[in-house]
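Student: Residue 22 is where the sequence shown starts when you use the numbering used here, and the numbers rise one by one after that.
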Amino acid sequence: MNLNELYRLICNLARIGTVLEVDTEKYLARVETGENKTDWIRWAVPRAGEAVTWWAPTEGEQVYILCPCGEMETAFIAGSLYSEDAPPPDAGATTCVILHPDGARISYDPEASALVVSGVKTASVTASESITATVPVVTVKADTRVTLDTPEVVCTNNLKTSTFEVTGGGKLNGAFTGVMTINGVKPDDHDHGNVQSGGSWTKGIK
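And the structure:
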């Protein structure tokens with residue numbers, strides 16, 4: 022091996038390039054680096070064992086490739102680099118941010134202990150047994166409605182509502198206090214008309 026060949030192999034150990042094509046079915050990509058274009062090569066992932074992650078690179082993404090033994094035939098994409106076309110989505114020293122092309126953003130700021138998810142159209146969580154959220158205060162804001170599609174809703178303590186509507190009937194148990202009006206009549210404070218002493222029934226209320 023002469024010095025020129027050795028120099029070539031050393032220079033090829035690590036290179037910077039741009040993704041040309043991506044085959045998501047075969048999880049392979051091609052990279053242009055300098056005057057060279059790689060064959061279809063793999064990209065590195067956080068996990069690929071019993072736990073598997075998926076996040077494919079995109080065309081035009083700036084990456085760096087590693088070539089074991091300096092041969093381009095052994096190359097793989099080792100990671101990505103920020104560029105003018107893809108600047109970082111945040112400049113915080115401790116924040117963790119993921120910004121998607123549709124504007125969806127997931128960020129966590131450990132200094133504020135704040136997790137923020139924004140820009141998504143829908144969100145879905147499916148669990149086979151249960152979902153538990155433990156927190157001092159929960160606030161849900163909906164412009165149209167909140168639907169609880171379940172055979173039973175249990176509130177273990179005080180329930181406050183400005184209005185409510187019951188269409189299927191039901192029952193009430195317990196001691197109640199306060200003022201209630203049904204069709205304009207207070208059940209615990211109203212008069213009966215056309216009343217005579219004796220065993221006659223009252224004719225109505227007012």
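Backbone N, C-alpha and C define an ideal beta-carbon position, used for all residues, glycine too.
1. Taking the alpha-carbon positions, what's the G38 to N23 distance?
2. Give me, in chain order, the residues of the same chain whose beta-carbon lies closer than 7 angstroms to that of M93; leave out the 5 immediate sequence neighbours on both sides.
3. In this structure, how does DSSP classify N33 when only helix, strand and coil are distinguished?
4. Please classify V200: is it buried, with 16 or more other beta-carbons within 10 angstroms of its beta-carbon, or exposed?
5. Please confirm if the segment 128-146 is in contact with the segment 107-118, defined as three or more CB-CB distances below 8 angstroms between the two stretches.
6. For the segment 113-156, list the beta strand (DSSP E) runs that are entirely contained and at least 3 residues long, ordered along the chain.
7. Okay, do the segment 104-112 and the segment 59-75 touch, 3+ Cβ pairs below 8 angstroms being the bar?
8. By the three-class DSSP mapping on this structure, what secondary structure does E94 have?
9. Evaluate K80 with the Cβ neighbour count: other Cβ atoms within 10 Å of its Cβ, from every protein chain shown; 16 or more gives buried, anything less gives exposed.
10. Decide if I98 is buried, meaning its Cβ has at least 16 other Cβ atoms within 10 Å, or exposed.
11. Any beta carbon of chain B sitting closer than 8 angstroms to that of I98?
12. Could you tell me which residues DSSP puts in a beta bridge with L49?
13. Write down the C-beta distance between V43 and V52 rounded to the nearest angstrom, noting that I regard them as a contact closer than 8 angstroms.
14. How many whole angstroms separate the CB atoms of A77 and T54, which I take to be in contact at a CB cut-off of 8 angstroms?
15. With DSSP collapsed to three states, give me the class of N204.
16. In terms of alpha-carbon separation, which member of V156, Y85 and T188 lies closest to Y103?
Tutor: Inspection of the coordinates gives the following:
1. 27 angstroms
2. N33, N57 and T59
3. helix
4. exposed
5. yes
6. 117-120, 126-130 and 135-139
7. no
8. helix
9. Per the sequence shown, the amino acid found at residue 80 is Glu instead of Lys. That one is exposed.
10. buried
11. Protein chain content of the structure displayed is limited to a single chain, and chain B is not contained in it.
12. D44
13. Actually they are not in contact, since the Cβ atoms of V43 and V52 sit about 10 angstroms apart, beyond 8 angstroms.
14. At roughly 19 angstroms, the Cβ-Cβ gap does not stay under 8 angstroms, so A77 and T54 are not in contact.
15. coil
16. Y85
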